Structure formats: C-alpha cells, structure tokens
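Quick note on my numbering: the sequence shown kicks off at 33 and runs consecutively.
No residue lacks a Cβ here, since even glycine has one placed at the ideal position from N, Cα and C.
Predicted model only: the values in this text are computed from it and were never measured.
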Amino acid sequence: MYEHGMITPVVALIAWSLLMLLWLYATRIPAMSKAKVKPGEATKAQMEALSSANVANNYNHLMEQPTLFYALCFALQLLGQGDHPINIGLAWTYVVIRIIHSLVQATVNVILIRFSIFMLGTLVLIALCVHAMIAVGMIQWDFTH
C-alpha cells in the first residue's frame, strides 16, 4: 500500500470513479427505458427525475473536487513527499471519505450527512495542500522550535 506513495490512492479513487460510472449506466439505462426517455431528447428536468439521478450527480461530483486531490498527490509525489506516512495516510483518508460520500449520495442522499462527509474530505484536502505548500517553501515550518 505504501510502496508507490501517493500514486496508489490516486489509482484507487480513479477505479472507484469508474465503478460509479458503471453503476450509473446500470441504473440510468433501465430508468430511461422505464420512463420512455430517449437519449439526446430528454430535458434536464426529465433526467433529474430519473431514479438514477443521485448516482449521476455523484459521478459528476467525482469529476470535480477530486481533481484537486489528483493534482496534490502528483505534486507531493514529484516533490519527494509521496512516501511521507502523513501524506499517504491523508490521501487514503480522502479516498475512503469520497467512497463513503458516493455511497451516501447514491443511496439515502441525506443532504446534512452528505455535506458533513464532503466537508470532512475538504479538510483532508486542505491538509494535503498545506503539506504541498510546505514542500515548495510557500510556508516555512520549523519543527526545531
């Protein structure tokens, strides 16, 4: 798990995103068929009314904030910080949080729970960003004092 530093959590989140895409197709196509919605002719309102809308929205969300995660992981890896246990731990924590977020959104979709999970993931992302800022010298951090 630690052998490839920050790359393994990146690959794991990409794999999860692709799994969510498969879940989307597995639910969206039957939902469109049942609702007699034709691809390319449906309105946004029709698509949002489908039973697969929460899965679709989650897949879209996996294409948004996680892009910052990917960039930070690659930056930390390139800066020689990819093998630091704190960074690896934060990266895996972010992946787990995004998976939990996906499962909540795609199933029960309780907004307060989902938002809390999202904010927790954002805090992890901020911590990774601070570590990257320290690594590039934007923040001076002296552990000796």
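Between the alpha carbons of A85 and M79 lies a gap of roughly 7 Å. Between Y102 and M52, the C-beta spacing is not below 8 Å.
Taking C-beta atoms as the reference points, L94 and R130 count as a pair closer than 8 Å. In summary, G169 is exposed, with fewer than 16 beta-carbon neighbours lying within 10 Å of its beta-carbon over all protein chains present. Q113 counts as buried, since at least 16 other C-beta atoms from the protein chains shown sit within 10 angstroms of its C-beta.
In the structure shown, the three-state DSSP call for P41 is helix. Setting aside the 5 residues that flank it on each side, T59 is surrounded in the same chain by S84, V87, each with a C-beta closer than 6 Å to its C-beta; the list follows chain order. Every alpha helix (DSSP H) of 4 residues or more that sits fully in the segment 74-123 is shown, in chain order, as 76-81, 85-94, 98-110. Cβ contact annotation for L56 (same chain, cutoff 6 Å, sequence separation greater than five): V87, A88, Y91, in chain order. A direct Cα-to-Cα measurement between P41 and V127 gives close to 7 Å. At the C-beta level, A63 and A107 stay beyond 8 Å of one another.
Between L122 and V156, the C-beta gap is smaller than 8 Å, which places the two residues in contact.
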